[in-house]
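Peer 1: Going by the numbering used here, the sequence shown opens with residue 1, and the numbers climb by one from there.
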Amino acid sequence: MSFGKLVAWSSSHASYAANVLFLGFFTIYCTDTLQLSAPIVGLLLLLSRFVDAVGALVAGWLVDVAPETRFGKARPFDLAIVGIWVFTAVMFSVPGGLGEVAKYVWVFISYLLVTAVFTPLFNANQPLYMARAFANRDVYTKLSARSGLIVGAVALLAGVSVPILVQQAGKTPEAWSIISICVAVPLAVFGLLRFLTIKEIRNTEAEDSPRVKMRDIMLVLRTNPYLWMLSSITLLGSVVGSVGVGAYYFRYIVGNLAIMGVFGIVNILALPVLALLPPLVRRFSVSRVIAGFSLIGALGFAMYSFAGANIPLLLIAAVLTSVGALPASFLATVLVIDNATYNEWKGNRRLESVGGGVQSFAQSAGSGLAAGMAGLVLGIVGYNGAHNTQSPTAIGGIVLLMSWVPAALSVAVCVIALFYHNRFERRLPELTEQLEFRKTGGIPVGTILLDQTQVNANTNSALLASGEELVGTVEGKLRKRSRNHGGRR
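#1: What residue from A145, Q35, P120 and L156 has the CA that sits closest to L326's CA?
#2: Closest to G356 by CA distance: which of I398, L221, P312 and A291 is it?
#3: If we count Cβ pairs, one from each stretch, closer than 8 Å, do we get three or more for the segment 40-52 versus the segment 177-194?
#4: What ranges does the alpha helix (DSSP H) occupy inside the segment 168-215, keeping only unbroken runs of at least 4 residues that lie completely in it?
#5: Hey, which unbroken runs of the alpha helix (DSSP H) at 4 residues or more fall wholly within the segment 221-308?
#6: Can you find the residues in the same chain that come closer than 7 Å, C-beta to C-beta, to T321, ignoring five residues on each side of it along the sequence?
#7: Do the segment 143-160 and the segment 12-22 touch if we need at least three Cβ pairs shorter than 8 Å?
#8: Using 8 Å as the threshold, is the C-beta distance between L499 and I268 below it?
#9: Relative to the C-alpha of F306, which residue among S410, T88 and I398 is closest?
#10: By Cβ distance, which residues of its chain are closer than 7 Å to L376, with the 5 residues on each side in sequence left out?
#11: Under DSSP, the alpha helix (DSSP H) around H387 begins and ends at which residues?
#12: I'd like the ranges of any alpha helix (DSSP H) spanning at least 4 consecutive residues and lying wholly in the segment 7-59.
#13: Would you mind reading off the limits of the alpha helix (DSSP H) that contains S93?
#14: With Q167 and A258 assumed to form a contact (beta carbons below 8 Å), what rounded beta-carbon distance in angstroms separates them?
#15: If you reduce the DSSP assignment to three classes, tell me which class G347 lands in.
#16: Under a Cβ-count criterion, where at least 16 other Cβ atoms within 10 Å of its own Cβ denotes burial, should L230 be classed as buried or exposed?
#17: Give a yes or no on whether the C-beta atoms belonging to A394 and G379 are separated by under 8 Å.
#18: Following the continuous alpha helix (DSSP H) through N125, name the residue where it begins and the one where it ends.
#19: Report the residue from L34, M91 and V243 whose alpha carbon sits nearest the alpha carbon of G99.
#20: Return helix, strand or coil for G99, following the three-state DSSP convention.
#21: By how many angstroms is the C-alpha of E200 removed from the C-alpha of E436?
#22: Could you check whether A59 and L121 sit closer than 8 Å to each other, using their CB atoms as the reference points?
#23: Which value, in whole angstroms, describes the spacing of the CA atoms of P392 and M373?
#24: Suppose you measure from the CA of V413 to the CA of V319; what does that come to, to the nearest Å?
#25: Contact check, N256 vs F263 under 8 Å by CB: the rounded distance?
#26: For F77 and S403, what's the separation of their Cα atoms in angstroms?
#27: Should S461 go down as buried or exposed, given a rule of 16 or more other Cβ atoms within 10 Å for buried?
#28: Just list the beta strand (DSSP E) runs in the segment 136-169, keeping only unbroken ones of 3 residues or longer that don't cross its boundaries, in chain order.
#29: Just to confirm, are F108 and F87 a CB contact at a threshold of 8 Å?
#30: When the Cα atoms are used, what is the spatial distance from I28 to Y248?
#31: So who's on the other strand from G375, going by DSSP bridges?
#32: What residues in its chain sit with their C-beta under 7 Å from that of D64, if we drop five residues either side in the sequence?
#33: Please state whether DSSP places R489 in a helix, a strand or coil.
#34: What do you get for F3, buried or exposed, if any count of 16 or more other CB atoms within 10 angstroms of its CB means buried?
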């Protein structure tokens, strides 16, 4: 793939990553600039997750039932990146003269439009778009890792510049509005590059496949436990990345929020690790790589518990946490496509977009839980955004949210990822081979072969069923027959 095509494919991911980073300042914007109650803000964000749950499922269904257009099936939904940035700018542009209730309504509705409408549509199309634009799992893995360099570069630029701009804005609503618009416009335009240049080149299902129905979606959600394991990894990872107290930590413990932007530069040290992901995945597996790197991230978060304002320790912690988040951030789409393969192996519809929608819900739910947890803890410890200094109890709450909570959740991600590998991913090559065997052998998907007695009577017989495995003896006979005919399967 040319560098230009790699940049184009990565553009919308990079734009979205910058949006996630910008939304990390939402809580401190509400508490310090709008003078809203931290517990109430956290509660509203937590309640919004129930709406997100519906939005994620509807988004997955919409993408899967979408008709073929001149632009393809999944590709048009990339336009959702524009809606994400438009309403992000609206969210951070609350007029300072509004009453308190009106402020709550403004931020709640705009937040819902970003997280429950446009973000689910954007995320639901990612697995299907990749599967229709590129050929196979090896390509997906390499593409995800290499595009991480572009995403990381844009996130680095945003991570350095946004905290500096926020420091300059202080607690002035008008300044926040100007900053949000200046950030939203160029990143929304950049995020459109993929839609404008990357075409869909293949179908993942037969052209005569029936229209996806809601019962197809519910069947997949009910019969694929591995999709929920993957979603739990995404949810916990989203909580870890969205607690959003970094701004509080640098403002009240380090003493200068602008330094947080400078610390973003160290993320460039993590980018070369992306080049190691494809060989690591081939050697171990995606889920085991996620597990190992999660422990690295846990170590980094734990360091914040005693780093204080010590710059060298903070730099090391920042590098470790950044490295630890890489595999889960950039390889989750590959696992979603793997789950679509499992759905097909089971005899169900692939439904890549439903998997993407569930992932979108998990990500949104994680960010909402993080915001709710942060607001609750800050309220309990007596945080007051109107003060320029905080009590020791409030400082302790900030440190807790910055260190031990994400460290513990990172360990939980490791445990779930290892369980996911043992139960599913290590079996994936076998399942993929069986699925391909069914297709090329003329045996319908969802079919198991007869038992040995029936096979002896008729070796070409097959029984349509919803079973879980193929009879090894029959598979061996057909493979031998394939080899005898010149290696054709």
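Positions of the beta carbon are idealized from the N, C-alpha and C atoms, including for glycine.
As the structure is a computational prediction, the values presented were derived from the model and not from experiment.
Peer 2: Reading it off the structure:
#1: Measuring from the Cα of L326, the nearest candidate turns out to be A145.
#2: L221
#3: Cβ pair count under 8 Å is below three, so no.
#4: 173-190 and 193-197
#5: 225-242, 246-249, 258-263, 277-283 and 286-307
#6: Correct list, in chain order: G297, G300 and F301.
#7: Contact between the segment 143-160 and the segment 12-22 is present, with at least three C-beta pairs closer than 8 Å.
#8: No statement about residue 499 is possible, as the shown extent of the chain runs from 1 to 489 and does not include it.
#9: Ranked by Cα distance from F306, the options S410, T88 and I398 are led by I398.
#10: Here the set comprises P39 and G42.
#11: In the DSSP annotation of this structure, H387 is not part of any alpha helix (DSSP H), being labelled neither H nor E.
#12: none
#13: Here S93 belongs to no alpha helix (DSSP H), and DSSP marks it neither H nor E.
#14: 4 Å
#15: coil
#16: buried
#17: Contact flag unset, no.
#18: T119 to A133
#19: Comparing Cα positions, the closest option is L34.
#20: The three-state reading of DSSP puts G99 in coil, since its state is none of H, G, I, E or B.
#21: Going by the C-alpha atoms only, they are around 22 Å apart.
#22: yes
#23: Each residue's alpha carbon lies about 19 Å from the other.
#24: Put simply, the backbone Cα of V413 is about 19 Å away from that of V319.
#25: The Cβ separation is near 11 Å, so there is no contact.
#26: CA-to-CA, the gap between F77 and S403 works out to about 37 Å.
#27: In this prediction, S461 scores a pLDDT of 39, lower than 50, which makes its location untrustworthy; the coordinate-derived value is nonetheless stated afterwards. It is exposed - the Cβ of S461 has fewer than 16 other Cβ atoms within 10 Å.
#28: Taken in chain order, no unbroken stretch of beta strand (DSSP E) lies wholly in the segment 136-169 with a span of 3 residues or more.
#29: no
#30: 7 Å
#31: Bridge partners of G375: none, in fact.
#32: Here the set comprises V212, L351, S353 and V354.
#33: Any reading at R489 must be qualified, since the residue scores a pLDDT of 38, below 50, and its modelled position is unreliable; the value itself is stated next. Three-state DSSP puts R489 in coil, outside helix and strand.
#34: With fewer than 16 Cβ atoms within 10 Å of its Cβ, F3 is classed as exposed.
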